[in-house]
Amino acid sequence: MAVISITRLRVRSWRFLPDFLLHSVKITRQARAAPGNLGVEVFRDAGMTFWTKSAWRDEAALRDFMTAAAHKNAMPHLQRWCSEASVLRWEQETARLPFWQDAGRRMQRDGRLVSVKRPSEAHASGRIPPMKA
Numbered sequence: 029m030a031v032i033s034i035t036r037l038r039v040r041s042w043r044f045l046p047d048f049l050l051h052s053v054k055i056t057r058q059a060r061a062a063p064g065n066l067g068v069e070v071f072r073d074a075g076m077t078f079w080t081k082s083a084w085r086d087e088a089a090l091r092d093f094m095t096a097a098a099h100k101n102a103m104p105h106l107q108r109w110c111s112e113a114s115v116l117r118w119e120q121e122t123a124r125l126p127f128w129q130d131a132g133r134r135m136q137r138d139g140r141l142v143s144v145k146r147p148s149e150a151h152a153s154g155r156i157p158p159m160k161a
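With this note's numbering as the guide, the letters of the sequence shown map in order to residues 29 to 161.
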């Protein structure tokens, strides 16, 4: 059974974008090379919002990725860089990544908000905005 992970991050200011993008490239490379990774895609939405979707052999492979190298190094910064952050994980029979629009709808319905220091109005009210593109 594969584990699917979806993330949605909205960068709150242009001044954080260069560091965010640099870390994002490193994390994407790390994910693609990680043992147990079955696929990774990244999507830039409107308004400095970025989505990822990845498939993993199992929860242990995903956890190992999250607690190592580039991903581990970037996580302490996200609370400061982002005004919105949400995650969603589920298990499914195949490693097929969902279509972006399906991932967006599912995130709105079932996603979990992640703490940020300066939340947007939507984040503060517990809403996950829809995918725009």
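C-beta: ideal position from N, C-alpha, C; glycine also.
>> In the DSSP output, which residue or residues are listed as bridge partners for Asn65?
In response: Trp84
>> Just to check my reading of the structure: Ala59 and Ser82 have Cβ atoms closer than 8 Å, yes? What is that Cβ distance to the nearest angstrom?
In response: Contact between Ala59 and Ser82 holds: their C-beta atoms lie close to 6 Å from each other, under 8 Å.
>> Assuming Met135 and Ile32 are in contact, meaning their beta carbons sit under 8 Å apart, how far apart are those beta carbons, in whole angstroms?
In response: That belief does not hold up - the Cβ atoms of Met135 and Ile32 are roughly 11 Å apart, past 8 Å.
> What is the DSSP secondary structure of Val31, counted as helix, strand or coil?
Replying inline: Correct three-state label for Val31: strand.
>> By the three-class DSSP mapping on this structure, what secondary structure does Glu121 have?
In response: coil
> Can you tell me whether Arg124 is buried or exposed, with buried defined as 16 or more other CB within 10 angstroms of its CB?
Replying inline: exposed
> What is the rounded straight-line gap between the Cα of Ser148 and the Cα of Ser52?
Replying inline: CA-to-CA, the gap between Ser148 and Ser52 works out to about 21 Å.
>> According to DSSP, is Ser143 part of a helix, a strand, or is it coil?
In response: Coil, per DSSP.
> Where do the ends of the alpha helix (DSSP H) carrying Arg134 lie?
Replying inline: Trp128 to Asp138
> For Ser111, which of helix, strand or coil comes out of DSSP?
Replying inline: strand
> Whole-angstrom Cβ separation of Gln107 and Lys145, contact assumed at under 8 Å?
Replying inline: 5 Å
> Of the choices Ala61, Met29, Phe44 and Met103, whose alpha-carbon is the least far from that of Arg85?
Replying inline: When each option's Cα is compared against that of Arg85, the closest is Met29.
> What do you reckon, are the CB atoms on Trp118 and Asp92 nearer than 9 Å?
Replying inline: no
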